[in-house]
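J.: Chains A and B supply the protein sequences, listed in that same order. Under my numbering, the residues of the first sequence are numbered 674 to 855, in order. Under my numbering, the residues of the second sequence are numbered 51 to 336, in order. Every residue gets a Cβ at the ideal spot worked out from N, C-alpha and C, and that includes glycine. Only a predicted model underlies this, so the values are computations on that prediction, with no experimental measurement involved. I have a structure here, written as structure tokens, and I will follow up with some questions on it.
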Amino acid sequence: MLATRSILKTVAQNHTASKVVFKNIAAAPMGVRHFNVSPISKAQSPDAESELLRQQRKVRPVSPHLTIYQPQLTWYMSGLHRVTGAAVGGAFYLAAMGYLAAPSLGITVDTASMVSAAAAAPVAAKVLAKVTVATPFVFHCLNGIRHLAWDATKFLNIKDVYKTGYAVIGGTVVGTLYLASL
Amino acid sequence: MSFTLSALKTASLSTRTRLMPAVGSPLIRSLQTSSSNNMATATDQPLKKEPKYKTIEIYRWNPDTPTEKPRLETYKLDLNTCGPMVLDALIKIKNEQDPTLTFRRSCREGICGSCAMNIEGGNTLACISKIDRDITKPLKIYPLPHMNIVKDLVPDLTHFYNQYKSIEPYLKQKQGPTDGKENLQSIEDRKKLDGLYECILCACCSTSCPSYWWNQEEYLGPAVLMQAYRWMIDSRDQFGVERRDKLQNKMSLYRCHTIMNCSKTCPKGLAPGTAIAEIKLMMAKE
Numbered sequence: 674m675l676a677t678r679s680i681l682k683t684v685a686q687n688h689t690a691s692k693v694v695f696k697n698i699a700a701a702p703m704g705v706r707h708f709n710v711s712p713i714s715k716a717q718s719p720d721a722e723s724e725l726l727r728q729q730r731k732v733r734p735v736s737p738h739l740t741i742y743q744p745q746l747t748w749y750m751s752g753l754h755r756v757t758g759a760a761v762g763g764a765f766y767l768a769a770m771g772y773l774a775a776p777s778l779g780i781t782v783d784t785a786s787m788v789s790a791a792a793a794a795p796v797a798a799k800v801l802a803k804v805t806v807a808t809p810f811v812f813h814c815l816n817g818i819r820h821l822a823w824d825a826t827k828f829l830n831i832k833d834v835y836k837t838g839y840a841v842i843g844g845t846v847v848g849t850l851y852l853a854s855l
Numbered sequence: 051m052s053f054t055l056s057a058l059k060t061a062s063l064s065t066r067t068r069l070m071p072a073v074g075s076p077l078i079r080s081l082q083t084s085s086s087n088n089m090a091t092a093t094d095q096p097l098k099k100e101p102k103y104k105t106i107e108i109y110r111w112n113p114d115t116p117t118e119k120p121r122l123e124t125y126k127l128d129l130n131t132c133g134p135m136v137l138d139a140l141i142k143i144k145n146e147q148d149p150t151l152t153f154r155r156s157c158r159e160g161i162c163g164s165c166a167m168n169i170e171g172g173n174t175l176a177c178i179s180k181i182d183r184d185i186t187k188p189l190k191i192y193p194l195p196h197m198n199i200v201k202d203l204v205p206d207l208t209h210f211y212n213q214y215k216s217i218e219p220y221l222k223q224k225q226g227p228t229d230g231k232e233n234l235q236s237i238e239d240r241k242k243l244d245g246l247y248e249c250i251l252c253a254c255c256s257t258s259c260p261s262y263w264w265n266q267e268e269y270l271g272p273a274v275l276m277q278a279y280r281w282m283i284d285s286r287d288q289f290g291v292e293r294r295d296k297l298q299n300k301m302s303l304y305r306c307h308t309i310m311n312c313s314k315t316c317p318k319g320l321a322p323g324t325a326i327a328e329i330k331l332m333m334a335k336e
């Protein structure tokens, strides 16, 4: 028994051995269990297994997300907060740049020219312009307050998230109507 | 003989009352008991329900043919012969229609977290998610969103588990208990753990977070962060400051933008979003 154990040990440590075959079974002492030693195949070593896993992981698809996730107040309003923030900020930046660039382009931007341009424009265009600017601005402001409340750990349970969410939407409508009427 | 005649008479009487319930013969007072009317008779047929077929659309992908794009496969299932939960439907489809359909499942009672998947657009456990009985609408089943898919509805959660391991989710102390035996905890301190320890790590919340979708490698996600909080506020743990220090970077915690999809979708009714906000407040005060 000790003999077979030591033989097995040498086989186990001998990774480079490609063919280990016990031919002299008759040479082993009687009454000893014969182990049919098969070589440790290269594909089953830990390195080969992790290499196989690595190859499998390379081709795995990513499950769908935006396209299949249920439209919910939570992530829709969060997405809208980001979009309106970028839009209002970007528009403000472009307006500021425009103001700086105006003289070199020959456009006068002062109170008098702005007042006359506004007076000449049709009512519908003025209302549309005011609504387009007011809606994202008011939404982002009100939702920003909601975010500040969350940072103070207020209104964080789902019931309150939805209540405040609807309040922000309602407030946006009211605020936009007010600003557009000015 | 008289006995048999009376027996016949009673037999005919009972059949007459059953067969003519509304008509009371003037000669025979019909015994109209509600129980005798409701009792099944040999002539009654078992109530045959019309089959109620629900269309079920399931995301499928086979790693044995990796070049084939993932697809939506449609199955029809008779709801009258199936249990009420989505997991019952999946098992029935696997048993009777398509044995190649692959998904994880174990406890069938909402405690192990194996069957977490995206059902009708929201992440829940299939075993406690009731099938909508409206057969005009299909039931859509997808795997957890933005995860690498091993097969069909089975996501690769290795990275999720590694993230959990990284927050050291075990009691860490600098000094042993004061009496040398037990880590004593008051009832108020134990109450602080309610709503945190019940997490089954099903990954529904983390995979519902758009921020986790875009930053999975570095952002820990609501499930792991809630467990980090669970150890921070455990009165027996003495490494709170160090735990918070580990989150002092742009990505691990601060990719959370309070989207709150996590609390909305948790199948156990827990609030990871609240826990994360509490961590942020603690870290701001330190």
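1. I'd like the ranges of any alpha helix (DSSP H) spanning at least 4 consecutive residues and lying wholly in the stretch 226-306 of chain B.
2. Evaluate Lys314(B) with the Cβ neighbour count: other Cβ atoms within 10 Å of its Cβ, from every protein chain shown; 16 or more gives buried, anything less gives exposed.
3. Below 9 Å on C-beta distance, what does Thr784(A) contact in chain B?
4. Cα-Cα, which of Leu97(B), Asp148(B) and Phe289(B) is closest to Leu221(B)?
5. Return the bridge partner residues of Asp783(A) from the DSSP annotation.
6. Would you be able to state if there are at least three C-beta pairs under 8 Å between the stretch 843-852 of chain A and the stretch 808-817 of chain A?
7. CA-CA distance, Thr784(A) and Trp823(A)?
8. Assuming Leu275(B) and Ala325(B) make a contact with CB atoms under 8 Å, what is their CB distance in whole Å?
9. Express the C-alpha separation of Val732(A) and Asn311(B) in angstroms, rounding to a whole number.
10. Going along the chain, which residues of its own chain have a beta-carbon closer than 7 Å to the beta-carbon of Ser179(B), five neighbours each way excluded?
11. With burial defined as no fewer than 16 other Cβ atoms inside 10 Å of the residue's Cβ, what is the status of Tyr839(A): buried or exposed?
12. Just curious, the alpha helix (DSSP H) that Tyr211(B) is in, first and last residue?
13. What residue ranges within the stretch 98-131 of chain B form continuous beta strand (DSSP E) runs of no fewer than 3 residues, ordered along the chain?
14. Comparing alpha-carbon positions, which option in Lys142(B), Phe153(B), Ile309(B) and Pro193(B) lies nearest Met167(B)?
15. How about Arg158(B) and Cys177(B): are their beta carbons less than 7 Å apart?
16. Counting pairs of beta carbons, one from the stretch 228-235 of chain B and one from the stretch 141-148 of chain B, are three or more of them closer than 8 Å?
17. If you compare alpha carbons, which of Pro113(B), Tyr109(B), Ser164(B) and Thr186(B) is closest to Leu129(B)?
18. Starting from Val834(A), follow the alpha helix (DSSP H) in both directions and report where the run begins and ends.
19. In its own chain, which residues sit with a C-beta less than 7 Å from the C-beta of Trp111(B), not counting the 5 before and 5 after it?
20. Determine the direct distance from the alpha carbon of Gly271(B) to that of Ile181(B), and round the result to whole angstroms.
21. Decide if Asp284(B) is buried, meaning its Cβ has at least 16 other Cβ atoms within 10 Å, or exposed.
22. Run down chain B in chain order and give the residues with a C-beta less than 8 Å from the C-beta of Leu830(A).
23. If we cut at 7 Å on Cβ distances, does Pro188(B) have a partner in chain A?
24. On a Cα-Cα basis, can you pick out the residue from Arg183(B), Asn265(B), Arg305(B) and Asp244(B) that is closest to Gly319(B)?
25. Return helix, strand or coil for Ser64(B), following the three-state DSSP convention.
26. Let me know the secondary structure DSSP gives Pro205(B) once reduced to three states.
27. What residues from chain B crowd round Asp824(A), counting only those whose CB sits closer than 9 Å?
28. Select from Ile250(B), Thr115(B), Asn233(B) and Thr124(B) the residue whose C-alpha is nearest the C-alpha of Ser164(B).
29. Are the CB atoms of Arg819(A) and Val841(A) within a distance shorter than 7 Å?
30. Along chain B, which residues have their Cβ under 7 Å away from the Cβ of Thr747(A)?
31. Since Lys190(B) is in the beta strand (DSSP E), which residue starts that stretch and which ends it?
32. On a CA-only basis, which of Glu123(B), Arg305(B) and Asp114(B) is nearest Ile106(B)? Give me that one, please.
33. Alpha carbons only, please: which of Val735(A), Met750(A), Glu724(A) and Gln729(A) is nearest the one belonging to Trp264(B)?
34. Output needed in chain order: residues of the stretch 192-206 of chain B with a Cβ under 8 Å from some Cβ in chain A.
35. First and last residue of the beta strand (DSSP E) that includes Ile169(B)?
36. Would you mind listing the beta strand (DSSP E) stretches within the stretch 741-813 of chain A that are 3+ residues and don't spill past its ends, in chain order?
T.: Taking the structure as given:
1. Those alpha helix (DSSP H) runs which fall completely within the stretch 226-306 of chain B and span 4+ residues are 237-241, 260-264, 272-282 and 290-295.
2. As a position in the second sequence, residue 314(B) is number 264, starting the count at 1. The C-beta of Lys314(B) has 16 or more other C-beta atoms within 10 Å across all chains shown, which makes the residue buried.
3. The count along the first sequence starts at 1 and reaches residue 784(A) at position 111. Near Thr784(A) there are no residues of chain B at all, since even the closest Cβ is about 40 Å away, more than 9 Å.
4. Here residue 221(B) corresponds to residue number 171 of the second sequence, with the count starting at 1. For Leu221(B), the nearest C-alpha among the options comes from Phe289(B).
5. In the first sequence, the residue the question calls residue 783(A) occupies position 110. For Asp783(A), DSSP assigns no beta-bridge partner whatsoever.
6. The count of Cβ pairs closer than 8 Å, one atom from the stretch 808-817 of chain A and one from the stretch 843-852 of chain A, reaches three, so the stretches are in contact.
7. Here residue 784(A) corresponds to residue number 111 of the first sequence, with the count starting at 1. Here residue 823(A) corresponds to residue number 150 of the first sequence, with the count starting at 1. Rounded to whole angstroms, the gap between the alpha carbons of Thr784(A) and Trp823(A) is 41 Å.
8. Taking the second sequence and counting its residues from 1, one reaches residue 275(B) at position 225. Taking the second sequence and counting its residues from 1, one reaches residue 325(B) at position 275. Between Ala325(B) and Leu275(B) the Cβ distance is about 7 Å, and since that is below 8 Å, they are a contact.
9. To locate residue 311(B), count along the second sequence from 1; it is residue 261. To locate residue 732(A), count along the first sequence from 1; it is residue 59. The alpha-carbon of Asn311(B) is positioned some 29 Å away from that of Val732(A).
10. Working through the second sequence from its first residue, we reach residue 179(B) at position 129. Within the same chain, and ignoring the five residues on either side of Ser179(B) in sequence, the residues whose Cβ sits closer than 7 Å to its Cβ are Met135, Val136 and Ile169.
11. As a position in the first sequence, residue 839(A) is number 166, starting the count at 1. Result: exposed.
12. Along the second sequence, read from residue 1 onward, the residue named residue 211(B) stands at position 161. From DSSP, the alpha helix (DSSP H) with Tyr211(B) extends over Thr208 to Ser216.
13. Segments of the beta strand (DSSP E) lying fully in the stretch 98-131 of chain B: 103-110 and 121-128.
14. On the second sequence, residue 167(B) is found 117 positions in, with the first residue counted as 1. Looking at the Cα atoms, Pro193(B) is the closest of the given residues.
15. The sequence position of residue 158(B) within the second sequence is 108, counting from 1. The sequence position of residue 177(B) within the second sequence is 127, counting from 1. The criterion of a C-beta distance shorter than 7 Å is satisfied by Arg158(B) and Cys177(B).
16. The stretch 228-235 of chain B is not in contact with the stretch 141-148 of chain B.
17. Within the second sequence, the letter at position 79 stands for residue 129(B). Considering only Pro113(B), Tyr109(B), Ser164(B) and Thr186(B), the residue with the shortest C-alpha distance to Leu129(B) is Thr186(B).
18. Locating residue 834(A) in the first sequence gives position 161, where the first residue counts as 1. Where Val834(A) is concerned, the enclosing alpha helix (DSSP H) starts and stops at Ile831 to Ser854.
19. Locating residue 111(B) in the second sequence gives position 61, where the first residue counts as 1. Excluding positions up to five away in sequence, the list reads Pro120, Ile199, Lys201 and Asp202.
20. One-based indexing of the second sequence puts residue 181(B) at position 131. One-based indexing of the second sequence puts residue 271(B) at position 221. Distance between the alpha carbons of Ile181(B) and Gly271(B) is about 29 Å.
21. For the purposes of this step, residue 284(B) is taken as the residue at position 234 of the second sequence. If you draw a 10 Å sphere on the C-beta of Asp284(B), you find 16 or more other C-beta atoms in it, and that means buried.
22. Working through the first sequence from its first residue, we reach residue 830(A) at position 157. It is Asn, not Leu, that sits at residue 830(A) in the sequence shown. Residues of chain B passing the Cβ test: Ser313, Ala321 and Thr324.
23. Locating residue 188(B) in the second sequence gives position 138, where the first residue counts as 1. For Pro188(B), the answer is no, since every Cβ of chain A falls outside 7 Å of its Cβ.
24. For this step, residue 319(B) is matched to residue 269 along the second sequence. The shortest C-alpha to C-alpha distance from Gly319(B) to any of Arg183(B), Asn265(B), Arg305(B) and Asp244(B) is the one to Asp244(B).
25. If you number the second sequence from 1, residue 64(B) lands on position 14. Low per-residue confidence applies at Ser64(B): pLDDT is 47, beneath 50, and the placement is therefore not dependable, though the value from the model is reported in the following sentence. Reduced to three states, the DSSP call for Ser64(B) is helix.
26. For the purposes of this step, residue 205(B) is identified with residue 155 of the second sequence, where counting begins at 1. Three-state DSSP puts Pro205(B) in a strand.
27. By 1-based counting over the first sequence, the position of residue 824(A) is 151. Thr308, Ala327, Lys330, Leu331 and Ala334, listed in chain order.
28. As a working mapping, residue 164(B) is identified with position 114 in the second sequence. When only C-alpha atoms are compared, the closest one is Ile250(B).
29. Position 168 of the first sequence, counted from the start, is the residue given in the question as residue 841(A). Position 146 of the first sequence, counted from the start, is the residue given in the question as residue 819(A). Annotated as proximal: Val841(A) and Arg819(A), with beta-carbon spacing under 7 Å.
30. Here residue 747(A) refers to the residue found at position 74 when the first sequence is read from its first residue. What Thr747(A) touches in chain B, judged by beta-carbon distance under 7 Å, is Ile309, Met310, Asn311 and Lys314, going in chain order.
31. If you number the second sequence from 1, residue 190(B) lands on position 140. Element bounds for Lys190(B): Leu189 to Tyr192.
32. Here the question's residue 106(B) lines up with position 56 in the second sequence. Minimum Cα distance to Ile106(B) is reached at Glu123(B).
33. The residue labelled residue 264(B) in the question sits at position 214 within the second sequence. The option with the nearest alpha carbon to Trp264(B) is Val735(A).
34. Residues Tyr192, Pro193, Leu194, Pro195, His196, Met197, Asn198, Ile199, Val200, Pro205 and Asp206.
35. The count along the second sequence starts at 1 and reaches residue 169(B) at position 119. Segment Ala166 to Ile169, the beta strand (DSSP E) holding Ile169(B).
36. Fully enclosed beta strand (DSSP E) runs of 3 or longer: not present.
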